[in-house]
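Numbering-wise (this note's numbering), the sequence shown opens with residue 291 and increments by one.
Ideal placement from N, C-alpha and C gives every residue a C-beta, glycine not left out.
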Amino acid sequence: MKKILLITWGMGYIWSHAVVAFEQAGYRTVIVDNLYNSDLSTYEWIGNILWYKPDFHELDLRNKNELEEIFKKYDFDWVLHFAGLKAPFESQEKPVLYFQNNISGSLNLFELMNTYDVKNIVFSSSASTYSTVNVPPITEKCNQVPETPYATSKFVWEKILEDLSKFSGFRSINLRYFNPVWCHPSGHIWEYLDDIPNNLFPYIFQVLSGRLPSLKVFGSDYDTLDGTGVRDYIDVVDLVDAHVLAYKKLSGITGNFWFNDSFNVWTGKGTSVLQAIDVVETVVWKKVEYSMMDRRPGDIPVSYCNTNKIQIELGWKSLTSLEQSIQNSWKFYNKQ
Ligand code: WQD
């Protein structure tokens, strides 16, 4: 009998890749999403890759009654919890929306998981929970001091799951990552095109495809190689593979032991904004128009991490180079 997993926000540009990966790994997925940040074209793309469409229910986690109907309908083995608005910069402008969506919606989910005895959960946390005073490379033992409402919502989730594990028998793994570069190698799944992207790579590709005039580079006076922000950009397919390995870790735990742990999911390499622009121009043979601007509030200067723990304990490491991720992404954009 196939294991059934609930994937929250599974229509998101990144987490639709999780749907594909888990279906291809032999699991049955059930998607819930309120389509706040995506639309049903992603569902079509999932169908194009899998040749069939997993069950999808359009609902908001904040509607507990609707969510409970899903728990009554399916005998879930575990949950992959992605739901959450995800732009640190935007969260500073809309803190209440971020706390309502990211925390109160999740509390409904955790309550129903407890009620229906579905206690295995892999949670999409964030490297933005780490304090900016940590000196990279960041490890899981580094201090967590969230500095935006987005990061606070992720940090609160981690603490709630830690207590649900200790006191209600949950088994939970937090995966902390920063910057996925996301596009399925088939070129089928990508960012919701009608939005003005918050993130660097979707914005660059909107510029290259003529949808936006030029890129604003936020900050040129950071204490980095070229003054621009440094991040650890990870390919979305590698990122999702880490979720599959995290689930296998949880499903391997027998008896009534609770479990709660966190892993950084990164490549371990830092890339600045100007370096990223260079890589894109080299890969797609097109110039990226950009202008230097002031720093963006809420941005941290440098973030990349040490990946020893996940390599040793989950047997995961990133396999896709930034160049390959960009090639995959451009394959999609060139088709639009
Ligand atoms: C990256 C760099 C910007 C846009 C990420 C994820 C988010 C969440 C938290 C996991 C920074 C610069 C960007 C632009 C720019 N992930 N930039 N011009 O802010 O690191 O947030 O971590 O929890 O999902 O996005 O990602 O791509 O916005 O910024 O210069 O138009 O690119 O200043 O240095 P960020 P980002």
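Go ahead and pull the three-state DSSP assignment for residue i.
i	result
Tyr623	helix
Phe508	strand
Asp531	helix
Ser462	strand
Val309	helix
Thr405	helix
Leu375	coil
Ile393	helix
Leu612	helix
Asn469	strand
Ile304	coil
Ser453	Note that residue 453 is Asp in the sequence shown, not Ser. If DSSP states are grouped into helix, strand and coil, Asp453 belongs with the helices.
Leu296	strand
Leu515	coil
Leu240	The requested residue 240 is not part of the displayed model; the chain covers only 291 to 626.
Ile486	coil
Name the residue from the options whose alpha carbon lies nearest to the alpha carbon of residue i.
i	options	result
Ile321	Gly302, Ser331, Ser611, Tyr388	Gly302
Gln382	Thr561, Lys599, Tyr440	Tyr440
Ile616	Phe495, Asn424, Tyr333	Phe495
Phe508	Asn550, Pro426, Pro591, Arg501	Pro591
Gly588	Pro385, Ile304, Ser541, Ser462	Pro385
Cys432	Lys607, Gly605, Ile602, Ser593	Ser593
Thr557	Asp528, Met582, Lys576, Glu430	Asp528
Pro427	Phe389, Tyr467, Ile567	Tyr467
Val497	Phe460, Ile450, Glu579	Glu579
Tyr364	Tyr342, Leu490, Ser415, Leu296	Leu296
Lys607	Asn488, Asn624, Ser462, Asp525	Asp525
Ser504	Asp516, Trp548, Leu515, Ile486	Ile486
Glu437	Tyr326, Ser458, Asn424	Asn424
Lys559	Lys343, Phe372, Leu609	Leu609
Asn464	Ser416, Phe312, Asn489	Ser416
Phe553	Cys595, Lys362, Ile336	Cys595
Ser581	Val574, Ser510, Asp516	Ser510
His371	Phe457, His533, Leu502, Asn355	His533
Ser443	Ser396, Asp407, Val412, Asn404	Ser396
Leu515	Gly545, Ser394, Leu564	Leu564
Tyr623	Pro492, Gly605, Ile393, Ile602	Pro492
Asn598	Lys538, Trp548, Thr429, Ile450	Thr429
Give me, in chain order, the residues of the same chain whose beta-carbon lies closer than 7 Å to that of residue i; leave out the 5 immediate sequence neighbours on both sides.
i	result
Gln434	Thr419, Tyr420, Ser421, Phe445
Leu325	Met301, Glu348
Phe312	Leu295, Thr319, Val534
Can you name, in chain order, every residue of its own chain whose Cβ lies under 6 Å from the Cβ of residue i, other than the five neighbours on each side?
i	result
Tyr523	Asn469, Val471, Thr561, Leu612
Arg318	Lys292, Ile294
Ile567	Val578
Asn410	Trp368, Arg461, Leu540
Closer than 6 Å: is that where the CB of residue i sits relative to any heavy atom of the ligand WQD?
i	result
Gly560	no
Arg586	yes
Asn488	yes
Ser416	yes
Lys376	yes
Phe445	no
Asn469	yes
Gly517	no
Arg501	no
Arg318	no
Arg352	no
Arg589	Checking the sequence, you will find Asp at residue 589 rather than Arg. At least one heavy atom of the ligand WQD is nearer than 6 Å to the Cβ of Asp589, so yes.
Tyr303	no
Phe553	no
Tyr493	yes
Phe508	yes
Val563	yes
Arg627	The shown model of the chain, from 291 to 626, leaves out residue 627, and the question about it has no answer.
Considering only residues of the same chain and omitting the five flanking positions on each side of residue i, which have a CB-CB separation below 8 Å?
i	result
Leu357	Val322, Leu349, Leu351, Asn398, Leu399, Leu402
Tyr512	Thr518, Gly519, Val520, Arg585, Pro591, Val592
Val569	Thr561, Leu612, Glu613, Ile616
Those runs of the alpha helix (DSSP H) which lie wholly inside the region 539-596 and span at least 4 residues: Under the rule that a run must span 4 or more residues, the alpha helix (DSSP H) segments found entirely inside the region 539-596 read 563-574.
Runs of alpha helix (DSSP H) wholly within the region 411-450 (minimum 4 residues, chain order): none
Beta strand (DSSP E) runs wholly inside the region 317-364, at least 3 long, in chain order: DSSP runs (the beta strand (DSSP E)) wholly in the region 317-364: 318-323, 345-348.
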